[in-house]
Structure formats: structure tokens, C-alpha cells
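Chemist: In the UniProt record's numbering, the protein residues as written are 1 to 241. From the three backbone atoms N, C-alpha and C, an ideal C-beta is built for every residue, glycine too.
(1) Which value, in whole angstroms, describes the spacing of the CA atoms of residue 152 and residue 210?
(2) Counting C-beta neighbours from all protein chains within 10 Å, is the total for residue 82 16 or more, i.e. buried, or is it exposed?
(3) Along the alpha helix (DSSP H) that carries residue 207, what are the first and last residues, could you check?
(4) By DSSP's criteria, residue 84 is part of a beta bridge. Which residues make up the other side?
(5) Using the C-alpha atoms, what's the distance from residue 139 back to residue 155?
(6) DSSP three-state label for residue 66, please.
(7) Just checking my contact of residue 212 with residue 147 at CB under 8 Å: how many whole Å lie between their CB atoms?
(8) Within this structure, are the beta carbons of residue 29 and residue 12 separated by less than 9 Å?
(9) For residue 15, which of helix, strand or coil comes out of DSSP?
(10) With burial defined as no fewer than 16 other Cβ atoms inside 10 Å of the residue's Cβ, what is the status of residue 35: buried or exposed?
(11) For residue 230, which residues does DSSP report across the bridge?
(12) Between the C-alpha atoms of residue 180 and residue 91, what's the straight-line distance to the nearest angstrom?
(13) In whole angstroms, what is the alpha-carbon distance linking residue 177 and residue 53?
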């Protein structure tokens with residue numbers, strides 16, 4: 001993945017396996033004030049969203065490893081980041097499939113840059129408005145988990161989490177009370193190629209519990225469902241008075 005500086009107009013992740021298109025979009029979007037990251041595979045896209053936290057994803061449907069619809073499904077399992085499909089596929093059935101899978105917009109190649117940038121800005125505005133409405137501060141005992149600002153405090157003190165730890169925690173918190181399977185977490189945070197690496201989850205959950213739980217060996221909030229996955233629970237928790 002390549003990161004390039006911008007002027008605070010938003011963070012864009014461009015996912016495409018055409019090097020020339022990636023380069024052209026990097027140059028054009030950076031010139032218009034965006035910060036740009038790129039990925040050329042579906043697995044790379046899923047990992048990059050968890051790591052870079054873009055404001056919008058531009059996604060090609062014809063990737064070499066995973067179809068774009070599968071990438072969309074993986075993203076929608078844990079994030080509402082706006083996704084604009086950028087594809088050479090013009091058939092109505094392809095557009096319907098992408099929109100039904102969770103895409104916010106669909107742009108066909110070739111495209112006009114000014115219109116495309118306008119669509120990007122509109123998607124970022126919608127995503128920001130949704131984040132304000134849908135990303136509250138979640139309280140669990142002494143913890144305050146701010147989903148909008150991506151911050152965690154414990155007894156008022158900031159808790160430093162790695163991007164991977166935050167990706168796991170956010171996914172569990174956004175699905176509060178529901179069992180999130182090991183496969184869902186591994187796919188969303190690391191990518192589909194890591195669905196068998198359950199040892200990764202054990203290591204990171206142990207680290208999260210050390211940072212967030214009063215007694216990591218008897219967790220209250222980050223619960224394990226043996227052989228299946230994990231669950232975030234906060235029964236009885238309330239905002240401090």
C-alpha cells in the first residue's frame with residue numbers, strides 16, 4: 001500500500017489492479033487535496049481499510065484474487081465506510097449486484113475526473129454525517145469507547161491501541177451482544193487469506209484484555225465463545241455521572 005499526503009479533504013483508498021489507473025488517480029486526487037492509499041488486491045483492500053481507516057473506498061470489481069462483491073461483503077460485516085465502485089462492467093446486473101452488496105455509488109470506466117471527484121466528496125459528506133449519528137461513545141464499566149474519534153479511555157486515561165487492536169475492538173463493539181465469528185474478524189482485519197490463522201485472534205484478544213479488562217483472566221466485556229468467535233458485552237454499564 002502507498003500513502004500520499006493531502007490537504008485534509010479526506011482519506012481515499014483506491015483499489016484496482018491497473019497500475020496506470022492507480023497512478024493517475026493518485027496524482028489527480030492528491031492535486032485536489034486528498035490523502036490517497038492504494039491496494040491492488042481484494043485481500044489488500046480489506047487489510048488496508050482496517051489499518052488506514054479511509055473516509056471513502058474506490059473499488060474495482062474485477063480484482064485478481066477476490067471478486068469485488070466479496071470484498072464489499074467483507075467490509076459490510078463491520079464498517080459503513082462509503083464505497084464507490086469504479087468498474088468497466090456496464091451491465092445492469094453487475095450494478096445491481098454491487099449496490100445490493102453495499103456499494104454507495106457506481107461509476108463506469110472511462111469517467112470524467114471532475115464528476116468523479118464530486119461523487120467522492122458527496123460520499124465523504126454522507127459518511128461523516130452517518131458517523132456522527134451512528135458512532136456514539138460506548139461505555140462499559142470504566143471504559144469509554146469513542147467510535148467516531150477512535151479513542152478509548154479507562155478511568156479517564158487514554159488507552160493506546162494498535163490499529164489491529166482497534167479494528168478488532170471496533171468490530172466487536174459495533175456488533176454489541178452478537179457473536180462475531182473468528183472468520184468474520186480475520187477476513188475484515190487481515191483479509192480472506194488469513195481465515196485459518198485463529199492464533200492471531202488469541203494473541204490480539206489477550207492483548208486487548210490486558211489493556212481493557214480489570215481481570216484479563218476473567219473478562220467482563222470481551223467474551224470468548226469457544227471454537228466460534230467473540231462477543232462484546234456491557235451489561236449494566238452506564239455513562240459516568
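Modeler: Taking the structure as given:
(1) 14 Å
(2) buried
(3) Here the alpha helix (DSSP H) through residue 207 covers 198 to 212.
(4) Its beta-bridge partners are 58, 105.
(5) 11 Å
(6) coil
(7) With 8 Å as the limit, residue 212 and residue 147 do not qualify as a contact, their Cβ atoms being about 15 Å apart.
(8) yes
(9) Strand at residue 15.
(10) buried
(11) Within the DSSP secondary-structure output, residue 230 pairs in a beta bridge with 180, 224.
(12) 34 Å
(13) Those two C-alpha atoms are separated by around 24 Å.
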